[in-house]
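These notes concern the structure reproduced below.
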Amino acid sequence: MTLHALLFDVDGTLADTERDGHRPAFNQAFKDAGLDWHWDVALYGKLLAVTGGKERMKHYIDHYRPDYRKPDNFDAMVADLHQAKTRHYATLAARGGIPMRPGVKRLLVEARAAGLRLAIATTTTPENVTVLLEHSLGAGTPDWFEVIAAGDIVPAKKPAPDIYHYALQKMGLGAADCLAFEDSENGLRASLGAGLKTLITVNDYTLDHDFSGAAVVLSDLGDPDAPNRRLAGADLDQPFVDVAYLRALHRG
Ligand code: XBP
Ligand code: MG
17 MTLHALLFDV DGTLADTERD GHRPAFNQAF KDAGLDWHWD VALYGKLLAV TGGKERMKHY
77 IDHYRPDYRK PDNFDAMVAD LHQAKTRHYA TLAARGGIPM RPGVKRLLVE ARAAGLRLAI
137 ATTTTPENVT VLLEHSLGAG TPDWFEVIAA GDIVPAKKPA PDIYHYALQK MGLGAADCLA
197 FEDSENGLRA SLGAGLKTLI TVNDYTLDHD FSGAAVVLSD LGDPDAPNRR LAGADLDQPF
257 VDVAYLRALH RG
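FYI, the numbering for the sequence shown is 17 to 268, going by this note's numbering.
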């Protein structure tokens, strides 16, 4: 089976967006609205068990703020807070303050040159993806991805496989033609649920996650002058990920 396409998660995989992007954006939106909600780094790590910003806010209220009396229009209020949060995230990302993770840009450039097709499959809001790519990967780079499957486009977010099914269907490809890139257990459940072989790069929030079923678990993609570490899975004896590595992983 030939490798035709690469499907990328965004948050935590392309960039470390959660701690210094989404989290401060949520906190700023809460502050603007006069709410005493505040998510520190540790609490946010726990809240990441729930994917989707609106879903995460509701989970926080239900599980951490039993004192809070929900107004009748609670759903609309959460939607408004989420829109404000998205604006704050865009401002942060547009400052270029959320760099791509090691090896990401190099690998994407190589993959394009090798004729591999690229797509995004993420839980986050579509605007967040575009602004991040434009400012951290480079102007015009959203066009590198033939499908950007994001946010509420499917009703069931990761760990449901729906967003991957959607991307594959848009590309007219089967799971066996592709590799997925993820950083979290919820993301891996989603990609495996769609039948995709998956490469994991961990981050501080996901180091302890259960990655059973992943093809390989790496510290990061690595670069020729900055080797990565293999934490589990296929041992291809190469300290950075390039297209040859991906083809071998896909075959194996
Ligand atoms: C990403 C998420 C998202 C972001 C926030 O998960 O869980 O909820 O934290 O995005 P994954 P929104 O990397 O598995 O796609 O606030 O735009 O929902
Ligand atoms: Mg992720």
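From the three backbone atoms N, C-alpha and C, an ideal C-beta is built for every residue, glycine too. Only a predicted model underlies this, so the values are computations on that prediction, with no experimental measurement involved.
Asked, Found
"Contact test: T29 Cβ vs ligand 2 heavy atom, cutoff 7 Å", "yes"
"Residues of its chain near E201, where Cβ-Cβ distance is below 6 Å and the 5 sequence neighbours each way are ignored", "H225, D226"
"Euclidean distance between Cα positions of D32 and Y60", "13 Å"
"Per-residue burial, P177 [other beta carbons within 10 Å of its own, 16 or more giving buried]", "buried"
"N144 classed as buried or exposed, judged by whether at least 16 other C-beta atoms fall within 10 angstroms", "buried"
"Rounded C-alpha distance that separates T139 from V147", "15 Å"
"Three-way DSSP call (helix, strand, coil) for K213 in this model", "strand"
"For G249: DSSP bridge partner residues", "V232"
"CB contact flag (L22, A129, <8 Å)", "no"
"Any non-hydrogen atom of ligand 1 within 7 Å of V26 CB", "yes"
"C-alpha distance - Y84 paired with Q44, whole-angstrom precision", "19 Å"
"D301 versus L265, D27, P82, residue with shortest Cα-Cα distance", "No answer is possible for residue 301: the residues shown for the chain start at 17 and end at 268."
"Inter-residue CB distance, V257 and L123 (contact presumed, cutoff 8 Å)", "6 Å"
"Check whether L212 and A230 have beta carbons under 8 Å apart", "no"
"Range of the contiguous alpha helix (DSSP H) that encloses F46", "39-48"
"Near ligand 1: S235 beta-carbon under 7 Å from a heavy atom", "no"
"Residues of its chain near D48, where Cβ-Cβ distance is below 8 Å and the 5 sequence neighbours each way are ignored", "A100"
"Where M116 falls: helix, strand or coil (DSSP)", "strand"
"Status (buried if at least 16 other CB within 10 Å, exposed otherwise) for A65", "exposed"
"H38 beta carbon near ligand 1 (any heavy atom closer than 7 Å)", "yes"
"CB contact flag (L30, L195, <8 Å)", "no"
"Of the residues R263, L223, L234, D239, the one placed nearest G249, counting alpha carbons only", "L234"
"Rounded straight-line distance, which links the Cα of K86 to that of V125", "48 Å"
"Heavy atom of ligand 1 within 7 Å of G229 beta-carbon", "no"
"Any non-hydrogen atom of ligand 2 closer than 7 Å to E150 Cβ", "no"
"Proximity below 8 Å, CB of L108 to CB of M73", "no"
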